[in-house]
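In full-length UniProt numbering, the protein residues as written are 1 to 142.
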């Protein structure tokens, strides 16, 4: 690539090559997203959520889905499929929920960016519990 082509690529794909993870409740085309529910095992998504489409279009690379409580309705990230997510600093402590898998993985330097969801603190509480920054975006914004 010459300098001009490189600059165009940077503009078109500002997250080119950046690894990211996503909580196991956000649809990713071709992936099994369980939301911590037994009956969802083996069911592949037919499309991706808008945030995943935008991350991929920006050049980011999805590397993993992270643990959540069943139906994302608990303050601890534990379910019957994958078990309990443990705090990377002290395994006796909670990682929070429902995006606790994201908080723990980012805190342990396993991911640079995590995609979660937050209605009642599901990003903010795990971020606090794991010592990382978490942000609840304005609805409709990326």
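Ideal Cβ positions, reconstructed from N, Cα and C, are used throughout, including at glycine.
Applying the criterion that 16 or more other CB atoms from any shown protein chain within 10 Å of the CB defines a buried residue, is residue 109 buried or exposed? If you number the chain shown from 1, residue 109 lands on position 109. With fewer than 16 other Cβ atoms within 10 Å, it is exposed.
Given residue 73 as reference, the closest of 99, 83, 131, 27 once Cα atoms are compared: As a working mapping, residue 73 is identified with position 73 in the chain shown. Selected option, being the one with the closest Cα: 99.
In terms of DSSP beta bridges, what is residue 62 paired with? Counting from one through the chain shown, the residue named residue 62 turns up at place 62. Answer is 20, bridged to residue 62.
Cβ separation of residue 101 and residue 23, assumed to be a contact under 8 Å, to the nearest whole Å: Along the chain shown, one-based indexing puts residue 101 at 101. Along the chain shown, one-based indexing puts residue 23 at 23. The Cβ separation is near 6 Å, so the contact holds.
With a Cβ-Cβ cutoff of 8 Å, do residue 28 and residue 62 count as a contact? Taking the chain shown and counting its residues from 1, one reaches residue 28 at position 28. Taking the chain shown and counting its residues from 1, one reaches residue 62 at position 62. The answer is yes: Cβ separation under 8 Å.
Please give the ranges of any alpha helix (DSSP H) in the UniProt domain "Amidase" (11 to 140), keeping only runs that are unbroken, at least 4 residues long and fully inside the region. Runs found: 50 to 57, 100 to 107, 124 to 130.
Can you list, in chain order, the residues of its chain with a C-beta nearer than 6 Å to that of residue 65? Leave out the 5 residues immediately preceding and following it. For the purposes of this step, residue 65 is taken as the residue at position 65 of the chain shown. Closer than 6 Å at the Cβ level, and outside the excluded window around residue 65, lie 22, 24.
Regarding residue 71 and the ligand ZN, is the C-beta to nearest heavy atom distance less than 7 Å? You won't find the ligand ZN in this model; it holds no ligand whatsoever.
Applying the 10 Å Cβ sphere with the 16-neighbour rule, what's the burial state of residue 119? Here residue 119 is taken as the residue at index 119 of the chain shown, counted from 1. Looking at its Cβ environment, which holds fewer than 16 other Cβ atoms inside 10 Å, residue 119 is exposed.
Give every residue of the same chain whose Cβ lies closer than 6 Å to the Cβ of residue 88, excluding the five residues on either side of it in the sequence, and list them in chain order. As a working note, residue 88 is residue 88 in the chain shown. 104, 107, 108, listed in sequence order.
Hey, is residue 108's beta-carbon within less than 8 Å of any beta-carbon in chain D? Considering every chain present, this structure includes no chain D. It has just one protein chain.
I need the DSSP call for residue 1, collapsed to helix, strand or coil. In the chain shown, counting from the first residue as 1, residue 1 sits at position 1. Reduced to three states, the DSSP call for residue 1 is coil.
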